[in-house]
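Scroll down for the structure; my scribbles are underneath it.
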Amino acid sequence: MIKKILKFNQSPDYFLLSLILILTIFGLIILASASSSIAQIKFGDSFYYLKRQIIYGLLPGILCFIFAYFFPYKYYKKIIFGLLLFNIFLLILVKFSPWGVNFGGSSRWLKVGPIIFQPSEFLKITYIIYIAAWLSNVKNNRITDFQNGFIPFLIISGTIGFLLYIQPATSIIIILLLSGSILYFISGAKLKYFVLLFFLGIIGFSILFLFDSGYRFARIKNFINPSDVYGGAYQSTQALITIGSGGLTGFGFGKSTTKARTLPEPLGDSIFAVASQELGFIGAGSLVLLLAFLVIRLFVLALKSKDRFGQLILCGFALIFGLQSIIHIAVLIKLFPITGIPLPFVSYGGTFLTVVLFMSGTALNISKKII
551 MIKKILKFNQ
561 SPDYFLLSLI
571 LILTIFGLII
581 LASASSSIAQ
591 IKFGDSFYYL
601 KRQIIYGLLP
611 GILCFIFAYF
621 FPYKYYKKII
631 FGLLLFNIFL
641 LILVKFSPWG
651 VNFGGSSRWL
661 KVGPIIFQPS
671 EFLKITYIIY
681 IAAWLSNVKN
691 NRITDFQNGF
701 IPFLIISGTI
711 GFLLYIQPAT
721 SIIIILLLSG
731 SILYFISGAK
741 LKYFVLLFFL
751 GIIGFSILFL
761 FDSGYRFARI
771 KNFINPSDVY
781 GGAYQSTQAL
791 ITIGSGGLTG
801 FGFGKSTTKA
811 RTLPEPLGDS
821 IFAVASQELG
831 FIGAGSLVLL
841 LAFLVIRLFV
851 LALKSKDRFG
861 QLILCGFALI
871 FGLQSIIHIA
881 VLIKLFPITG
891 IPLPFVSYGG
901 TFLTVVLFMS
911 GTALNISKKI
921 I
């Protein structure tokens with residue numbers, strides 16, 4: 551009975567599995583290299599950050615991966631709305647409860663006993679799966695109908711966007727809402743709805759930035775006019791210098807010269823720059839290719855899938871991974887305004903890695919129905 555429910559006898563897409571395993575191992579190697587000297591200076595242990603990533607990210611991530619791989623993913627249709635509401639409730643607790651934790655001026659974390667986690671990261675699962683379930687419901691004309699489709703999509707996305715804005719978590723807003731909007735469009739929505747959604751997004755962000763005299767406005771201003779290389783344009787300038795100095799083969803494992811002194815956020819938002827300096831064009835290029843292969847493979851599997859729900863989940867996860875990777879790198883080479891977007895499988899963060907592995911397990915689960 552258990553074997554029938556969990557379907558142990560079905561095989562996943564082994565190419566996708568290989569990419570996930572390689573990226574997970576490669577990510578830990580890059581993190582170990584990027585964090586070694588910083589960890590030694592701060593804590594007297596070169597592997598301090600790597601150990602924490604394994605304990606708080608990899609281990610729970612493996613458990614989530616196994617669960618997501620075996621759990622009947624179609625059952626999410628019945629429970630995902632409740633999970634999304636719970637996720638939204640956690641976002642409210644982050645900002646309006648004593649359990650919310652503030653780091654660096656942002657209230658994005660919840661602390662429950664010894665556990666600290668970032669509820670906004672879970673939206674990459676709950677929001678995308680909810681949109682996939684919502685759009686795959688053939689009984690309701692949600693894809694092309696304005697009142698029953700476009701308006702509800704706008705309301706749920708706007709609510710989530712507002713709660714993320716007040717944390718503030720602008721980077722996750724960009725990734726989530728852009729992924730959701732593209733997913734809505736490729737599911738078959740009318741082009742005029744997508745165009746309207748695009749302009750509403752532009753207007754909404756313009757109004758928010760117009761009345762925001764803080765860091766968001768400053769980042770846009772410094773992106774347009776990056777002349778203050780020791781002020782607002784400091785991070786992108788240092789990142790570009792770090793990337794360019796790596797050359798073809800890099801300085802070697804753990805030998806970055808800027809990560810501990812001049813480069814901000816070397817383990818998170820700027821980790822690709824550190825990887826480029828230590829591993830060179832060959833190592834950084836290999837990482838980009840692996841991430842590209844992952845995204846492409848998810849889209850290929852989505853095209854092969856005959857299950858509408860699974861197809862949309864795969865597309866949604868591909869968009870999340872792809873947009874995060876593109877924007878992370880684009881920020882570091884001055885093609886996008888500074889924003890805190892981690893690199894999938896690589897950047898430091900327990901909740902982040904756990905969510906990435908859950909998404910990977912779900913994608914592999916869906917692939918069992920295709921191969």
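For the sequence shown, my numbering gives the first residue as 551, with consecutive numbering after it.
For each residue, glycine too, the CB sits at the ideal point set by N, CA and C.
Computed from a predicted structure; not experimentally measured.
In the three-state reduction of the DSSP assignment, G833 falls in the helix class.
Spatial neighbours of G866 in its own chain (CB-CB distance under 7 angstroms, excluding positions within 5 residues in sequence) are listed in chain order as I678, I681, A682, S729 and L733. Here DSSP, grouped into helix, strand and coil, assigns I888 to coil. Per the DSSP secondary-structure output, V662 pairs in a beta bridge with I665. The alpha carbon of G900 has as its nearest neighbour, out of A582, L608 and L566, the alpha carbon of L608. Taking F703 as the centre and dropping the five residues before and after it, the same chain places the C-beta of Y734 closer than 7 angstroms to its C-beta, in chain order. Contact annotation: K645 and L726 have beta-carbon atoms that are not nearer than 8 angstroms. Residue nearest to W684 within the set I920, T904 and G860 is G860 (criterion: CA-CA distance). By the C-beta density criterion, P816 is buried, having at least 16 other C-beta atoms within 10 angstroms. Excluding five sequence positions before and after L640, the CB atoms of its chain that fall closer than 8 angstroms to its own CB belong to L660, P669 and F672, given in chain order. Counting the other CB atoms within 10 Å of its CB gives V905 a total of 16 or more, which places it among the buried residues. Residues I679, Y680 and A683 of the same chain have their beta carbon placed closer than 6 angstroms to that of I630, with the five preceding and five following residues left out of the count.
For a cut-off of 8 angstroms, the C-beta gap from T792 to G830 is around 12 angstroms, too long to register as a contact.
Assigned with DSSP and collapsed to three states, V896 falls in coil, not helix or strand. Across the structure, R858 and P887 are spaced so that their CA atoms are roughly 35 angstroms apart.
Across the structure, F621 and G796 are spaced so that their CA atoms are roughly 43 angstroms apart.
Per DSSP, A618 is one residue of the alpha helix (DSSP H) stretching across L609 to F620. Using a C-beta cut-off of 8 angstroms, the region 592-606 makes contact with the region 572-582, since at least three inter-stretch Cβ pairs fall below that distance. Excluding the 5 residues flanking it on each side, A825 has same chain C-beta neighbours closer than 8 angstroms at I580, S583, A584, G833, A834, L837 and V896, in chain order.
The straight-line gap separating the alpha-carbon atoms of L840 and L569 is approximately 7 angstroms.
Taking all protein chains shown into account, Q697 has fewer than 16 neighbouring C-beta atoms within 10 Å of its C-beta and is therefore exposed.
Distance from the CA of G632 to the CA of T676, rounded to the nearest whole angstrom, comes to 9 angstroms. Under the three-state reduction of DSSP, N637 is assigned to helix. In the DSSP assignment, G650 forms a beta bridge with L660. Residue S917 holds the alpha-carbon nearest to the alpha-carbon of S855 among F576, S587, S917 and L573. A straight-line Cα-Cα distance of about 16 angstroms links I757 and P718. Cβ contact annotation for G890 (same chain, cutoff 6 angstroms, sequence separation greater than five): S721 and D819, in chain order. In the structure shown, G730 adopts helical secondary structure according to DSSP, grouped into three states.
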